[in-house]
Amino acid sequence: MARILVAEDDAHVIRLMSMWLTRSGHDVHEARNGNEAKAILTDHEIDLLVTDVNMPQCDGIQLIQWLRNEANSEIPVITLSARCDQAKLTEHLASVNVTIHAKPFSPSRLSAEIEQKLLAAGKA
Amino acid sequence: MTSITNKLKKFWRAEEVPRSIGLLFVLVYVVALSGVSISAHNSLRVMEASHQIDTHNSCLQMLADILPPVTEASFPQVQTALKHFAASRQCTELRIYDNSQSIVASLVPEEIGQPLRVRDQTLTQTPQAVAFSVAESGSDGTREQLARVPMLKSGVPASQYIDAVFSLAGNHSRYTLPTWMLIIALAGTAAFLLVYHQLRRHFHSYSRIAENLLRDPDSIERRISELRIGGEQDQVTSCWNKLIAVTAELQEEVSRSTASEELFNALSKSKTGELAEAMATVPVGIILFTDDRNTLYSNAMSRRIMGWPRDQQLNPSFTEDTVSEDGKRICEFIIGHIDNPYRATTVDTQIEGGDGSFYSIKVVSTGTHQRSSRCVAIILDVSQQVRADKAREEFVSQVTHELRTPLTNIRAYTETLSSGMFDDPKVINDCYNVITKETRRLSRLIEDILSISQLEVGTMQLVLDNVELMPLLSESVRDVRGIAESKNIDLQLDLPPKLPTIQGDRDKLAVVVNNLIGNAIKYTPNGGQVCLSCKATEEAIGISVRDTGIGIDPKDHVRIFEKFQRSDDELVRAETGTGIGLTTAQEVVNQHGGSISVVSKRGEGSTFTATIPLTKNTRSAQELTTAAE
Chain L
48 MARILVAEDD AHVIRLMSMW LTRSGHDVHE ARNGNEAKAI LTDHEIDLLV TDVNMPQCDG
108 IQLIQWLRNE ANSEIPVITL SARCDQAKLT EHLASVNVTI HAKPFSPSRL SAEIEQKLLA
168 AGKA
Chain P
3 MTSITNKLKK FWRAEEVPRS IGLLFVLVYV VALSGVSISA HNSLRVMEAS HQIDTHNSCL
63 QMLADILPPV TEASFPQVQT ALKHFAASRQ CTELRIYDNS QSIVASLVPE EIGQPLRVRD
123 QTLTQTPQAV AFSVAESGSD GTREQLARVP MLKSGVPASQ YIDAVFSLAG NHSRYTLPTW
183 MLIIALAGTA AFLLVYHQLR RHFHSYSRIA ENLLRDPDSI ERRISELRIG GEQDQVTSCW
243 NKLIAVTAEL QEEVSRSTAS EELFNALSKS KTGELAEAMA TVPVGIILFT DDRNTLYSNA
303 MSRRIMGWPR DQQLNPSFTE DTVSEDGKRI CEFIIGHIDN PYRATTVDTQ IEGGDGSFYS
363 IKVVSTGTHQ RSSRCVAIIL DVSQQVRADK AREEFVSQVT HELRTPLTNI RAYTETLSSG
423 MFDDPKVIND CYNVITKETR RLSRLIEDIL SISQLEVGTM QLVLDNVELM PLLSESVRDV
483 RGIAESKNID LQLDLPPKLP TIQGDRDKLA VVVNNLIGNA IKYTPNGGQV CLSCKATEEA
543 IGISVRDTGI GIDPKDHVRI FEKFQRSDDE LVRAETGTGI GLTTAQEVVN QHGGSISVVS
603 KRGEGSTFTA TIPLTKNTRS AQELTTAAE
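Right, here's the structure in full:
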C-alpha cells in the first residue's frame with residue numbers, strides 16, 4: 048500500500064482517482080489546490096504525487112518546483128494537463144523528472160503508470 | 003538595287019558591325035600591304051646596291067694599289083690582272099689610261115691606243131681624286147657603277163688611272179617584289195585573321211546588346227531584366243548581364259522607395275497647404291529627420307506616440323533630455339537609415355507614449371532619394387491589433403482547456419463504467435450523473451463557441467417562441483448546484499410567485515442565465531453566496547445574479563463585455579475562462595431589445611442584471627394572474 052496525494056481542482060477527477068486508487072489498495076490524500084497539497088506534503092509522508100497543472104492559488108508547476116527545490120523531495124510525480132502547449136510543458140518539466148498525462152486521460156492507464164512508478168521507487 | 007541600298011544604309015548605321023568593319027579592314031589592309039611591299043622591296047634594293055658599291059670601291063682601290071704602272075715590260079702582267087679582276091668582280095668594262103687620255107690597257111685589246119670615250123668623261127676630271135657614280139643603263143632598268151681611281155705608287159703622283167664599270171645586281175635580289183608581297187600578305191593575313199577573330203567576338207556581343215536595346219526602346223524601363231543575353235557568355239556578355247542584374251535590382255528598390263520620396267517632395271512643396279493639413283490629421287505617425295538628429299517635420303500622431311509636446315513642431319532634437327529612452331532608441335533606429343535610401347526597414351516595438359499609455363508600434367524607415375542627409379519614418383499604432391492577437395491566442399488556449407475539462411470526466415467515467423470493476427449501484431449511478439452533467443457542460447460550451455462564431459460573422463439569429471421563465475431559471479440553478487455545493491456556496495433562487503411568458507429564444511436566454519450564474523459561482527470563493535432573482539414590471543423583466551465574490555474593478559466594467567477580453571485581476575486570471583461568456587450574453591440580450599448592467603467593486607461582490615423589455619405579444623404577470631383566476 049502506498050500513500051498517494053491527488054491535487055486537482057476538479058472534484059469529479061479527484062473522486063474518480065480516489066475510487067481507482069483506493070480499489071488498488073492505496074491510501075489516497077486529496078487537495079483542491081497547490082497550497083492544500085503543500086500542507087499535506089509537509090504533514091504526511093507521501094509516496095507519489097498526482098497533480099493537475101492549472102489550479103487556483105498555487106498551480107501544479109509551482110507545486111512541483113516547491114517540492115523539488117524547497118521540500119527537497121524526489122518522490123515520483125505525475126501531472127495531468129489540459130493545456131494546449133503540452134510540448135513546451137514536457138520540455139519545462141523534463142529536468143525535474145516529472146511524467147505528463149494529457150487530459151482527457153484513461154484512468155486505467157494512469158493507474159498502471161502509478162503502479163509502475165511506485166514499483167520503480169520501491170513503494171509497491 | 004534596294005538590297006544594295008539597304009546594305010549601304012546598314013553599313014552606314016553600323017548595324018552590321020562585324021561584316022562592314024571586316025570589309026573596311028580588308029580594303030585598308032590591301033592598300034597598306036601594297037605600299038609596305040613596294041617600300042620594302044625598294045629599300046632592300048637600295049641597301050643591296052649600296053653594299054655592292056662599297057665592295058666594288060674597295061676592290062678597285064686594292065687593284066689600283068697592287069698594279070704597277072703600265073709599261074711595255076709590265077703590260078702582259080697588267081692585262082692578265084685586269085682579266086682576272088673583271089672575271090671575279092662582275093666588271094663589264096676595265097681600262098687604264100694616262101694623262102693624255104689615251105687608253106694604255108683594256109679588257110678589249112682594240113681599245114688600246116684609242117682616246118678615252120665620251121661616257122667616261124662624265125666622271126670627275128680631278129686626276130688626283132677617287133670618283134664614283136651610278137647610272138641607269140639599258141631599257142630593263144639595270145644599273146651600272148662607274149668608278150675611277152688613280153694608281154698611286156710609293157708617293158709619286160700617278161700618271162695613270164683605272165676606269166671601271168660594274169654591273170649592279172639590284173634587280174637580281176633574292177626576293178622579287180611579288181615574292182615580298184606574297185610573304186607580307188601571308189603574314190599580314192594571319193595577323194589580320196587573329197585580330198579580326200578577337201574583335202569580331204566583341205563586335206558580336208555588342209551587336210546582340212544593340213539588338214536587345216533597339217527591339218522595343220520605349221519599354222526598356224519596364225522590362226529591364228529581359229535585356230539579359232543568353233548563349234555564349236564571353237567577358238562582354240557576362241559584364242552586360244551583371245550590369246542588367248544590378249540595374250534591375252536598383253529599379254526594384256527605387257520603385258519600393260518611391261512612395262517615401264513622393265511624400266518628401268509633397269511635404270516640402272506644400273507644407274502649409276492641404277497636404278500638410280492631411281498629414282497632421284492622419285492616424286499614422288510621420289517624421290522626417292535630418293542628419294543632425296533634428297526633426298524636420300512631425301505630425302500630431304507621431305508626437306503623441308513619441309511623447310513630444312504638441313506645439314513643438316519644428317526642429318526638436320531627439321537627443322534632448324525630454325525625450326524618453328524608448329523614443330531615443332526608436333529615433334536611433336530611424337536615423338540609422340539616413341544613408342540608405344533604397345531600403346525601407348521595419349521594426350516592431352513598444353513605447354510609452356506622452357499620454358502614459360503603452361503603444362505597440364510598427365516603424366518603417368528609409369532614407370530619401372534626393373537628399374541623402376534625410377530620412378522619413380512612418381509609425382503605425384498597432385496596439386489594438388496586438389491586443390486582439392494576444393486575446394485570440396489566449397482564447398484558443400482557454401477554449402482548448404475548457405473543452406478538455408468536461409471531456410476528461412466524460413471519458414474517465416465512461417471507462418470506469420465499462421471496466422466492470424465497480425459494481426456498487428451508487429457508484430454506477432454517480433458515474434452516469436457525472437457523464438450527464440459534463441455532457442451538458444460541454445454542450446453549453448459548444449453553444450457559446452458557436453454563438454461567438456455567429457457573432458464574428460454577424461449571422462446570429464433568434465428563434466422566437468413563448469418562453470416560460472420560471473422553468474428556465476430553475477433549470478439553470480439545478481445545473482450548477484453541484485458545482486456550488488462542491489465550493490460550499492450558498493446558491494439561492496429568489497423568484498416571485500408568477501413570472502410572465504416572454505417572446506424570445508429559449509436556448510439563447512438559457513445561455514445568458516447559465517453564463518451569468520456560472521461566472522458568479524466561478525469567481526465566488528468557498529463559503530460565499532450566489533443569488534439568482536427575477537423581477538417583472540409592466541415594461542420589462544430583470545434577471546439578476548448577485549454574488550459575494552471577488553468583484554470587478556470599475557475600470558474593467560466595459561472591457562469584460564468585449565470579445566476574448568478578461569480582467570487583468572490576478573484573482574480572475576487564477577480561474578480558467580474563455581472571455582466569451584459575457585460577450586455572448588450581452589449580444590443575446592441586445593437582440594431581445596434589452597441590455598446588461600453590472601454593479602460591482604473589487605472585493606465587494608458583483609450584481610449582473612439582464613433587462614429584457616416585454617413586447618406587445620408578451621403577456622404581463624398581471625394578465626397571467628388574471629387568467630389564472
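Residue numbers (this note's numbering), protein chains in the order written: chain L, 48 to 171; chain P, 3 to 631. The beta-carbon is built from N, C-alpha and C at its ideal position, and this holds for glycine as well.
Secondary structure of residue i, DSSP reduced to three states
{"i": "L118/P", "result": "coil"}
{"i": "F424/P", "result": "coil"}
{"i": "N317/P", "result": "Below a pLDDT of 50, predicted positions are generally treated as unreliable, and N317/P, at 49, falls in that range; the measurement from the model is reported next regardless. N317/P: coil per DSSP, three-state reduction."}
{"i": "V601/P", "result": "strand"}
{"i": "Q237/P", "result": "helix"}
{"i": "P152/P", "result": "strand"}
{"i": "R345/P", "result": "coil"}
{"i": "C533/P", "result": "strand"}
{"i": "P152/L", "result": "In the sequence as displayed, the identity of residue 152/L is Phe instead of Pro. F152/L falls in the coil class under three-state DSSP."}
{"i": "H73/L", "result": "coil"}
{"i": "L501/P", "result": "coil"}
{"i": "K565/P", "result": "coil"}
{"i": "I246/P", "result": "helix"}
{"i": "D432/P", "result": "helix"}
{"i": "R230/P", "result": "coil"}
{"i": "R79/L", "result": "coil"}
{"i": "Y299/P", "result": "strand"}
{"i": "V482/P", "result": "helix"}
{"i": "Y361/P", "result": "strand"}
{"i": "D350/P", "result": "strand"}
{"i": "G506/P", "result": "strand"}
Beta-carbon contacts of residue i that lie in its chain and below 8 Å, excluding the five residues immediately before and after
{"i": "G523/P", "result": "First, the residue type needs correcting, since residue 523/P is Ile and not Gly in the sequence shown. Only V482, I485, A486, K489, I491, L493, V532, D549 meet the Cβ criterion."}
{"i": "Q109/L", "result": "G81"}
{"i": "V388/P", "result": "S362"}
Close-in-space but distant-in-sequence residues of the same chain around residue i (CB under 6 Å, 5 per side omitted)
{"i": "H76/L", "result": "L52, I87"}
{"i": "Q456/P", "result": "M462"}
{"i": "M64/P", "result": "none"}
{"i": "I381/P", "result": "G287, S304, I307, I363, V365"}
{"i": "W67/L", "result": "P154, S158"}
{"i": "T69/L", "result": "V75"}
Delimiting residues of the beta strand (DSSP E) encompassing residue i
{"i": "N468/P", "result": "467 to 470"}
{"i": "V146/L", "result": "A quick correction: the sequence has Thr, not Val, at residue 146/L. Looking at the DSSP string, the run of the beta strand (DSSP E) that includes T146/L is 145 to 149."}
{"i": "Q494/P", "result": "492 to 496"}
{"i": "G329/P", "result": "Run containing G329/P: none in the beta strand (DSSP E); it sits in the alpha helix (DSSP H), 327 to 337."}
{"i": "E95/P", "result": "93 to 100"}
{"i": "I43/L", "result": "No information on residue 43/L is available, as it lies outside the stretch 48 to 171 that chain L covers here."}
{"i": "S108/P", "result": "105 to 108"}
{"i": "V53/L", "result": "50 to 54"}
{"i": "L95/L", "result": "95 to 99"}
Contact set for residue i: own chain, Cβ-Cβ below 7 Å, skip 5 residues either direction
{"i": "N411/P", "result": "V436, E440"}
{"i": "N82/L", "result": "Q104, C105"}
{"i": "Q163/L", "result": "none"}
{"i": "S385/P", "result": "Y361, S362"}
Bounding residues of the alpha helix (DSSP H) (the contiguous stretch that carries residue i)
{"i": "T69/L", "result": "58 to 70"}
{"i": "S304/P", "result": "302 to 308"}
{"i": "L140/L", "result": "133 to 141"}
{"i": "N592/P", "result": "583 to 593"}
Paired residues, beta bridge with residue i - DSSP
{"i": "G633/P", "result": "Because chain P is modelled from 3 through 631, residue 633/P falls outside the range shown and cannot be assessed."}
{"i": "P615/P", "result": "A542/P"}
{"i": "G356/P", "result": "G356/P is not bridged to any residue."}
{"i": "D56/P", "result": "The partner list for D56/P (beta bridge, DSSP) is empty, contrary to what the question assumes."}
{"i": "F610/P", "result": "V547/P, V600/P"}
{"i": "Q162/P", "result": "D100/P"}
{"i": "V366/P", "result": "T348/P, I380/P"}
{"i": "G107/L", "result": "Bridge partners of G107/L: none, in fact."}
Any non-hydrogen atom of the ligand PLP within 6 Å of residue i CB
{"i": "C377/P", "result": "The model on display carries no ligand, and the ligand PLP is accordingly not part of it."}
With contact counted as at least three CB pairs below 8 Å, one residue from each stretch, are the stretch 54 to 69 of chain L and the stretch 409 to 422 of chain P in contact? yes
Flag this pair as touching only if the stretch 601 to 608 of chain P and the stretch 463 to 476 of chain P have three or more C-beta atom pairs under 8 Å; answer yes or no. no
Looking at C-beta atoms only, is the number of pairs between the stretch 207 to 218 of chain P and the stretch 53 to 72 of chain P that lie closer than 8 Å three or more? No, the stretch 207 to 218 of chain P is not in contact with the stretch 53 to 72 of chain P.
Could you say if the stretch 148 to 159 of chain L and the stretch 119 to 128 of chain L meet the contact criterion of at least three C-beta pairs nearer than 8 Å? yes
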